[in-house]
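Here's the structure, in structure tokens; my notes come after.
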Amino acid sequence: MNSDTQTNVQKLNAAWKEVVTKALGLDSSFKLAQGSLGLQTSDSSGLFSMADAIPPNTDLYDAGSVATFSGGYKMLLQALLAEQGTDLATYLGDNYINWINYRNAYFNANPMSEDSQEAVFKKFANQRLDPQSIPGALSAFQKQAQAPLNLALDAVRKTSNYQQFTSTSGQITTLPIYAPTLDNAKTQLNAGAGPFTIDFDSTETEKTLTQTQIDGAASGFWNIFDGGATANFDKLNAKAASSGFTIQGQINKIATLSVTRGNWYSDNEYKRAINAKNDMSVWDPQSNAGNWGSFFNQPDGSLARRVSQIVLVSDYEFTVTSNATYSDQEYQQIKTSATFGIWPFFSASASATHTTDVQLSSFGKLVTTFKLDKGLFQIWGVTVQDAS
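Take 32 as the starting number for the sequence shown in the working numbering and just add one per residue.
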């Protein structure tokens with residue numbers, strides 16, 4: 032998309048996010064999902080994936096983020112010293128950094144390994160140390176084996192703290208366990224708040240936006256009309272984005288679900304790390320896994336932000352009207368080729384649960400009705416906490 036269209040789409044995104052946030056009674060920590068994310072009805076993988084994704088430093092949430100909280104947390108543990116002191120480092124001397132590199136490389140190469148720290152250390156000792164020094168090395172290791180850090184390192188590798196999911200295509204995904212589960216989400220949403228009415232006029236709302244709000248609404252890969260790589264909507268996107276939209280409708284159920292990490296996570300170790308900036312009695316200066324800044328600096332640290340709540344909705348109907356005028360040919364192109372959706376209700380996934388009806392009014396306006404039936408659920412966004 033060209034720069035003018037990019038700017039106009041960002042203004043639309045910022046305006047829509049602002050109106051949704053106010054209508055649902057949320058605060059500035061809310062990040063509106065890019066597109067409509069269908070909540071899977073057969074398992075909890077959609078919720079777990081969203082809870083584990085690291086939120087981008089924007090006002091919109093892209094669920095396709097490849098950076099995960101659990102991945103960053105594993106690296107964090109590898110960057111810390113055990114609480115029981117430095118006996119092992121003292122005993123190993125120059126071999127201590129070799130042990131740290133060996134351990135980190137071993138677990139990076141074997142992400143699903145349940146080997147304990149002690150088991151991996153024995154492998155290292157048998158491969159890398161003078162046989163006469165091995166008993167003393169094992170004794171030094173065992174003195175700190177029950178340190179909370181080493182227990183946390185074992186817990187984050189334990190397979191019972193993860194759950195496998197199989198998609199309809201047979202693809203297997205393994206995810207760290209979180210709450211809420213799918214059953215929790217259904218229960219809370221069925222008892223959720225509502226109704227909430229939304230009456231949106233992009234032209235009026237854009238007048239109230241600050242440049243910071245516009246900059247924070249980077250549009251990512253979404254546009255106005257999206258049909259994937261084979262569809263070209265450049266001219267129509269430019270026309271629609273510059274003309275604006277109105278959106279009227281109602282959400283009958285909403286629930287804000289708190290995210291809780293499973294037994295793979297130690298909040299004590301996380302807090303020990305974040306509260307020890309520049310403290311080399313906590314951070315291992317010989318580890319290659321990272322330092323305080325690489326994990327917690329804003330905005331680019333690998334653990335700079337985390338999802339604290341997931342916002343779910345159910346039972347809605349919205350009418351989205353583009354203020355531009357369209358020909359019959361343009362209408363047919365949109366209706367047949369915009370298979371991934373129309374702003375702001377995109378869905379590049381077969382898991383989409385809402386229905387879409389596209390019509391051309393007698394005045395040449397594009398009128399799209401989006402409907403999500405009662406009993407079906409969508410993720411509309413998350414609330415985000417900075418590292419603390």
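Glycine residues also receive a C-beta, built at the ideal position from the N, C-alpha and C atoms.
* Count the other CB atoms within 10 Å of the CB of D298; is the residue buried (16 or more) or exposed (fewer)? -> exposed
* In angstroms with no decimal places, state the Cα-to-Cα distance between V50 and R336. => 24 Å
* Please state whether DSSP places E145 in a helix, a strand or coil. => coil
* Asked: Which residues in the same chain have their Cβ closer than 6 Å to the Cβ of A156, if we skip the five residues on either side of it in sequence?
  -> I165, A168
* Excluding five sequence neighbours on each side, which residues of the same chain lie with their C-beta closer than 7 Å to the C-beta of F172? -> L119, E149, F152
* Asked: What residue ranges within the region 213 to 274 form continuous alpha helix (DSSP H) runs of no fewer than 4 residues, ordered along the chain?
  -> 213 to 221, 233 to 237, 242 to 246, 265 to 274
* Asked: In angstroms, rounded to a whole number, what distance separates the CA positions of Q390 and K402?
  -> 14 Å
* To do: With distances taken Cα to Cα, identify the nearest neighbour of A418 among I131, Y92, N135, Y301.
  => Y301
* Identify the continuous beta strand (DSSP E) that holds E348 and give its terminal residues. => 336 to 353
* Asked: Any idea which residues DSSP pairs R292 with across the strands?
  -> Y209
* **First and last residue of the uninterrupted alpha helix (DSSP H) at Q360** => 359 to 368
* Asked: Going by C-alpha distance, which of S325, S339, S318, S144 is nearest W130?
  -> S318
* **Residues of its chain near N135, where Cβ-Cβ distance is below 7 Å and the 5 sequence neighbours each way are ignored** => Q109, N319, A320
* Asked: Taking the C-alpha atoms as reference points, what is the distance between A381 and S200?
  -> For A381, the pLDDT reaches just 47, beneath the cut-off of 50, and the residue's location in the model is therefore unreliable, leaving the point undetermined.
* Asked: Looking at C-beta atoms only, is the number of pairs between the region 342 to 361 and the region 268 to 283 that lie closer than 8 Å three or more?
  -> yes
* With G77 as the anchor, note down where its alpha helix (DSSP H) starts and where it stops. => 76 to 83
* Asked: Could you give the distance in angstroms between the alpha-carbon of F79 and the alpha-carbon of Q340?
  -> 12 Å
* **Beta-carbon proximity list for N294, same chain, < 7 Å, skipping 5 on both sides** => A186, N192
* Neighbourhood of A183 by C-beta, 6 Å cutoff - its chain only, sequence neighbours within 5 removed -> L108, S297, E300
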